[in-house]
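Colleague:
Number of protein chains: 2
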Amino acid sequence: MFKEKLNRLIQEKDSLLCIGLDCDIRKIPPFLLDEEDPLLIFNREIIEATADLAIAYKPNIAFYETLGSTGWQLLEKTLQYLPGDCLVIADAKRGDIGNSTNKYAELYFHTYSFDAITLSPYMGFDSIQPFLEYDDKASFILCLTSNAGSHDFQYLNIESEPLYLKIARKVSEWNLRHGNCGIVVGATHPENLSSIREVAPHLPFLIPGIGIQGGNLQLTVQYGTDEKGLGAIISISRSIIYASAEKDFAQAARDIALSYMNDINTIRKSK
Amino acid sequence: MFKEKLNRLIQEKDSLLCIGLDCDIRKIPPFLLDEEDPLLIFNREIIEATADLAIAYKPNIAFYETLGSTGWQLLEKTLQYLPGDCLVIADAKRGDIGNSTNKYAELYFHTYSFDAITLSPYMGFDSIQPFLEYDDKASFILCLTSNAGSHDFQYLNIESEPLYLKIARKVSEWNLRHGNCGIVVGATHPENLSSIREVAPHLPFLIPGIGIQGGNLQLTVQYGTDEKGLGAIISISRSIIYASAEKDFAQAARDIALSYMNDINTIRKSK
Numbered sequence: 001m002f003k004e005k006l007n008r009l010i011q012e013k014d015s016l017l018c019i020g021l022d023c024d025i026r027k028i029p030p031f032l033l034d035e036e037d038p039l040l041i042f043n044r045e046i047i048e049a050t051a052d053l054a055i056a057y058k059p060n061i062a063f064y065e066t067l068g069s070t071g072w073q074l075l076e077k078t079l080q081y082l083p084g085d086c087l088v089i090a091d092a093k094r095g096d097i098g099n100s101t102n103k104y105a106e107l108y109f110h111t112y113s114f115d116a117i118t119l120s121p122y123m124g125f126d127s128i129q130p131f132l133e134y135d136d137k138a139s140f141i142l143c144l145t146s147n148a149g150s151h152d153f154q155y156l157n158i159e160s161e162p163l164y165l166k167i168a169r170k171v172s173e174w175n176l177r178h179g180n181c182g183i184v185v186g187a188t189h190p191e192n193l194s195s196i197r198e199v200a201p202h203l204p205f206l207i208p209g210i211g212i213q214g215g216n217l218q219l220t221v222q223y224g225t226d227e228k229g230l231g232a233i234i235s236i237s238r239s240i241i242y243a244s245a246e247k248d249f250a251q252a253a254r255d256i257a258l259s260y261m262n263d264i265n266t267i268r269k270s271k
Numbered sequence: 272m273f274k275e276k277l278n279r280l281i282q283e284k285d286s287l288l289c290i291g292l293d294c295d296i297r298k299i300p301p302f303l304l305d306e307e308d309p310l311l312i313f314n315r316e317i318i319e320a321t322a323d324l325a326i327a328y329k330p331n332i333a334f335y336e337t338l339g340s341t342g343w344q345l346l347e348k349t350l351q352y353l354p355g356d357c358l359v360i361a362d363a364k365r366g367d368i369g370n371s372t373n374k375y376a377e378l379y380f381h382t383y384s385f386d387a388i389t390l391s392p393y394m395g396f397d398s399i400q401p402f403l404e405y406d407d408k409a410s411f412i413l414c415l416t417s418n419a420g421s422h423d424f425q426y427l428n429i430e431s432e433p434l435y436l437k438i439a440r441k442v443s444e445w446n447l448r449h450g451n452c453g454i455v456v457g458a459t460h461p462e463n464l465s466s467i468r469e470v471a472p473h474l475p476f477l478i479p480g481i482g483i484q485g486g487n488l489q490l491t492v493q494y495g496t497d498e499k500g501l502g503a504i505i506s507i508s509r510s511i512i513y514a515s516a517e518k519d520f521a522q523a524a525r526d527i528a529l530s531y532m533n534d535i536n537t538i539r540k541s542k
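So the protein lines, in turn, are chains G and H. Just so you know, the first sequence maps onto residues 1 to 271 in the working numbering. Just so you know, the second sequence maps onto residues 272 to 542 in the working numbering.
1. Is the beta carbon of residue 116 of chain G less than 8 angstroms from the beta carbon of residue 103 of chain G?
2. Can you pull the DSSP bridge partners for residue 428 of chain H?
3. Tell me where the alpha helix (DSSP H) around residue 413 of chain H begins and ends.
4. Can you pull the chain H neighbours of residue 214 of chain G, defined as C-beta to C-beta under 7 angstroms?
5. How long is the line joining the alpha carbons of residue 189 of chain G and residue 362 of chain H, rounded to whole angstroms?
6. Can you check whether the CB of residue 250 of chain G is closer than 8 angstroms to the CB of residue 46 of chain G?
7. What residue range is occupied by the uninterrupted alpha helix (DSSP H) comprising residue 8 of chain G?
8. Please name the residue in G/256, G/230, G/238, G/69 whose C-alpha comes closest to that of residue 269 of chain G.
9. Since residue 94 of chain G sits in a beta bridge, which residues does DSSP pair it with?
10. So which residues on chain G does residue 377 of chain H lean against when the C-beta distance must stay under 8 angstroms?
11. In chain H, which residues lie with their C-beta within 9 angstroms of the C-beta of residue 145 of chain G?
12. Starting from residue 58 of chain G, follow the beta strand (DSSP E) in both directions and report where the run begins and ends.
13. Under the assumption that residue 39 of chain G contacts residue 23 of chain G (Cβ atoms under 8 angstroms), give the Cβ distance between them as a whole number of angstroms.
14. So with CB distances below 8 angstroms, who are the chain H contacts of residue 157 of chain G?
15. Below 8 angstroms on C-beta distance, what does residue 446 of chain H contact in chain G?
16. Taking 8 angstroms as the CB-CB cut-off, is residue 420 of chain H touching chain G?
17. Whose Cβ in chain G lies nearer than 9 angstroms to the Cβ of residue 408 of chain H?
18. Of the residues that make up the region 334–361 of chain H, which ones have a beta carbon closer than 7 angstroms to any beta carbon in chain G?
19. Since residue 200 of chain G is in the beta strand (DSSP E), which residue starts that stretch and which ends it?
20. Over the uninterrupted alpha helix (DSSP H) stretch that includes residue 17 of chain G, give me the two end residues.
21. Find the residues of chain H that neighbour residue 183 of chain G, judging by a C-beta separation of less than 9 angstroms, and give them in chain order.
22. Ignoring anything shorter than 4 residues, give me the alpha helix (DSSP H) runs that lie fully in the region 461–542 of chain H, in order along the chain.
23. Could you give the first and the last residue of the continuous alpha helix (DSSP H) run that contains residue 61 of chain G?
24. Between the C-alpha atoms of residue 279 of chain G and residue 98 of chain G, what's the straight-line distance to the nearest angstrom?
25. In the DSSP assignment, the beta strand (DSSP E) including residue 183 of chain G goes from what residue to what residue?
26. Would you mind sorting residue 431 of chain H into buried or exposed? The rule is 16 or more other CB atoms within 10 Å of its CB.
27. Grouping DSSP H, G and I as helix and E and B as strand, with all else coil, what is residue 82 of chain G?
28. Between residue 332 of chain H and the rest of its own chain, which residues show a CB-CB distance below 7 angstroms, the 5 nearest in sequence each way excluded?
29. Could you compute how far the alpha carbon of residue 320 of chain H sits from the alpha carbon of residue 204 of chain G?
30. How would you call residue 272 of chain H, buried or exposed, if buried means at least 16 neighbouring beta carbons within 10 angstroms?
31. Going along chain H in order, which residues have a C-beta closer than 7 angstroms to the C-beta of residue 152 of chain G?
32. Can you tell me the Cα-Cα spacing of residue 458 of chain H and residue 176 of chain G, whole angstroms?
33. Are any of the Cβ atoms in chain G nearer than 8 angstroms to that of residue 438 of chain H?
34. Check residue 358 of chain H in the structure and name its three-state DSSP category.
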């Protein structure tokens, strides 16, 4: 089961860190552009330099999809470099119905063998259900996202509580079936994390928004983890993978990753 | 501008019909499986048989994405068969932020030259905004979807009106910038269409749910169109494209499409 594997990895690797593989040809070190497949080499070097620190890697599918068919090949090859002792999360934010959602579940969980995926809640249960049938995989539903636009709908008040809490409650219900749901909550809303944790004490949280987005690490770790200090995946992308644009980029990524990992652990262990 | 082109096409072709190109290897006529590229031949035949009846075609991206890199090639080749006098809508239901959403907008509007895309509203304005910058293209935001799961969140009550109406109002606001927004409303909720039309009198509606999903055609046309009987795209997929599994499949698709087109026009003109 995903949740057991997650918590085992957190303990074995003593880490909550997930690294977002948002590879962008305009941001990787320029010297790599002389190589035949610069993005693949970039991903491989980042993975090799951080494999012992990260419990998960999260390719954002948009970065691959927009490269057309070569992007999907890049994704496939990147997945082969990922170590066995980590989880692989497709940050796809999909949400469709009927045959379409069946096909998405098959693609990401069967064809590409991802351990987890991010999904949009708006279309409701039948857009999520085919993913839940894969009971060893996990579905992270968007709850309170890290961007400014989260204020447009997610905070709307329904019977004296915001929509994002309704979603956290609903996902907790869906989780009763196979125990394989989680939610996405942004580190940029630390003041709301504790109420979400109260409503969903047993769900794993996937938490982006630390680093360039400016999320609060102290409160994120304090409220994002469950009562055992587990059940949270803190995902950092750009501030790790683009730490340097020079030859030392992989070592620089490792240094920043290690620094985040240590900061997170210090907070986690003082909880 | 998209809306002007849509309304001109509706009048020129005397049609509100959009055909969903949800091609599925398990559903196309079996005799096509002997061909080198059965799905492409299927799409081409369907398009050629219906080109004078449809104002739009809507490939559901899930059906292509799940085929891996060959699926994207199939999509590219299919787009080349589409006639100039129709709109092409990417049913992608994307919704992401920052660089990811910029990249999606570039992919669908620039690389693939779609006229419009479907988007999920949950992440709010900054997940939509990069698409709106393409002012000759249109973004159809999910409002009230045709599936059973629409009841999970879309009907939640906020200050005495459902979430889907809040979204219709918000999209109307976003539309003030470039006049290039629309909404997706399912034909399976005909009793709610009129209130959505009241709130969003000027937005084009993309309306799936007729055919196999059982939507009500009479009320859909009556309330889905604007005060001039324009501004609505009625999208039908399976009940047209899979009308026959025999050699006559393209003619059968045309017959059903023509029948829907005539039924829609009868209702529209009696409005």
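All C-beta atoms, glycine included, are put in the ideal place defined by N, C-alpha and C.
Modeller: In brief:
1. In terms of Cβ geometry, residue 116 of chain G and residue 103 of chain G do not form a close pair [threshold 8 angstroms].
2. Its beta-bridge partners are H/433.
3. Boundaries for residue 413 of chain H: no alpha helix (DSSP H) harbours it, while the beta strand (DSSP E) harbouring it runs 409–415, taken from the DSSP string.
4. Those within 7 angstroms of residue 214 of chain G in chain H number zero; the least Cβ separation is about 13 angstroms.
5. Cα to Cα, the separation comes out at about 31 angstroms.
6. If you check the CB distance, residue 46 of chain G and residue 250 of chain G come in under 8 angstroms.
7. Residue 8 of chain G -> alpha helix (DSSP H) spans 2–13.
8. For the residues G/256, G/230, G/238, G/69, the minimum Cα distance to residue 269 of chain G belongs to G/230.
9. Within the DSSP secondary-structure output, residue 94 of chain G pairs in a beta bridge with G/119.
10. For the C-beta of residue 377 of chain H, the chain G residues within less than 8 angstroms are, from N- to C-terminus, 66.
11. Close to residue 145 of chain G, with beta-carbon spacing below 9 angstroms, are these residues of chain H in chain order: 368, 393, 394, 395, 398.
12. For residue 58 of chain G, the enclosing beta strand (DSSP E) has its first and last residue at 56–58.
13. That belief holds up - the Cβ atoms of residue 39 of chain G and residue 23 of chain G are roughly 5 angstroms apart, short of 8 angstroms.
14. Here the neighbours are 429, 430.
15. For residue 446 of chain H, no chain G residue has a Cβ inside 8 angstroms of its Cβ, as the nearest lies near 14 angstroms away.
16. Closer than 8 angstroms: yes.
17. What residue 408 of chain H touches in chain G: nothing, since even the nearest Cβ is about 16 angstroms away.
18. Hits within the stretch, in order: 334, 336, 337, 339, 340, 343, 344.
19. Segment: none, residue 200 of chain G is in no beta strand (DSSP E) and carries neither H nor E.
20. Note, residue 17 of chain G: premise wrong, no alpha helix (DSSP H); beta strand (DSSP E) at 17–20.
21. Those do not exist, as residue 183 of chain G stays about 12 angstroms from chain H at its closest Cβ, beyond 9 angstroms.
22. Listed in chain order, the complete alpha helix (DSSP H) runs (minimum 4 residues) inside the region 461–542 of chain H are 461–470, 488–495, 509–512, 520–540.
23. Per DSSP, residue 61 of chain G belongs to the alpha helix (DSSP H) from 61–65.
24. Within the shown structure, residues of chain G are numbered from 1 to 271, placing residue 279 of chain G beyond reach of any answer.
25. Residue 183 of chain G -> beta strand (DSSP E) spans 181–185.
26. Of the residues assessed, residue 431 of chain H falls on the exposed side of the cut-off, its CB having fewer than 16 other CB atoms within 10 angstroms.
27. Three-state result, residue 82 of chain G: coil.
28. Around residue 332 of chain H: 361, 362, 363.
29. Cα-Cα distance, rounded: 50 angstroms.
30. Answer is exposed; the Cβ neighbour count stays below 16.
31. Neighbours of residue 152 of chain G on chain H, chain order: 395, 396, 441.
32. Near 32 angstroms, if we compare the C-alpha coordinates of residue 176 of chain G and residue 458 of chain H.
33. By this cut-off, residue 438 of chain H is an interface position.
34. Of the three classes helix, strand and coil, the one that applies to residue 358 of chain H here is strand, per DSSP.
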